[in-house]
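Chemist: Below you will find the structure I want to go over with you.
Numbering (the working numbering), first residue to last: 1 to 132.
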């Protein structure tokens, strides 16, 4: 997939970083993305990865996630509406594709007066490995 947005240039480095994020199923940090992209394009620097992730997130090509109390952003190549579940034991993250009933947004609007445009829900718990 290519970066077609007119707001910035497509470069091989940006393409490689986007591919790594989109192929990841584990919501990696910028450091983890840097390590993975080194296999494809060994010359990419850490600063390039961080700047590119900011650019991609600003243009809606990836999601930058703040999960739980972790101050380190994680990245998701799935930009469709979905939520996440975070393991409080090991930090594993999984996508949640179970839609919330529309009444939830209605209740939030009634309680706050805000007009809800989108939602981002995080579920916290223990993954199967940490429950044993």
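Using N, Cα and C, we set each Cβ at its ideal position, and we do this for glycine too.
Remember, predicted model here, so these are calculated numbers, not experimental data.
#1: Terminal residues of the continuous alpha helix (DSSP H) containing residue 106?
#2: Who are the Cβ neighbours of residue 79 in its own chain at under 8 Å, not counting the five residues just before and after it?
#3: So, at 7 Å on beta carbons, what are the nonlocal neighbours of residue 82 in its own chain, with the 5 sequence-adjacent residues on each side left out?
#4: Would you say residue 28 and residue 74 are within 8 Å of each other, going by their C-beta atoms?
#5: By DSSP, does residue 56 sit in helix, in strand, or in coil?
#6: Considering only residues of the same chain and omitting the five flanking positions on each side of residue 16, which have a CB-CB separation below 6 Å?
#7: Residue 124 and residue 86: beta carbons closer than 8 Å?
#8: So who's on the other strand from residue 87, going by DSSP bridges?
#9: Would you kindly work out how many angstroms separate the C-alpha atoms of residue 33 and residue 21, rounded to a whole number?
#10: Using a Cβ cut-off of 8 Å (strictly closer), state whether residue 92 contacts chain D.
#11: Can you tell me which of the three DSSP states residue 40 falls into?
Modeler: Reading from the atomic positions:
#1: 102-112
#2: 60, 61, 62 and 63
#3: 95, 96 and 97
#4: yes
#5: helix
#6: 37, 40 and 41
#7: yes
#8: 125
#9: 7 Å
#10: The chain labelled as chain D is not found in the depicted structure, where only one protein chain is given.
#11: helix
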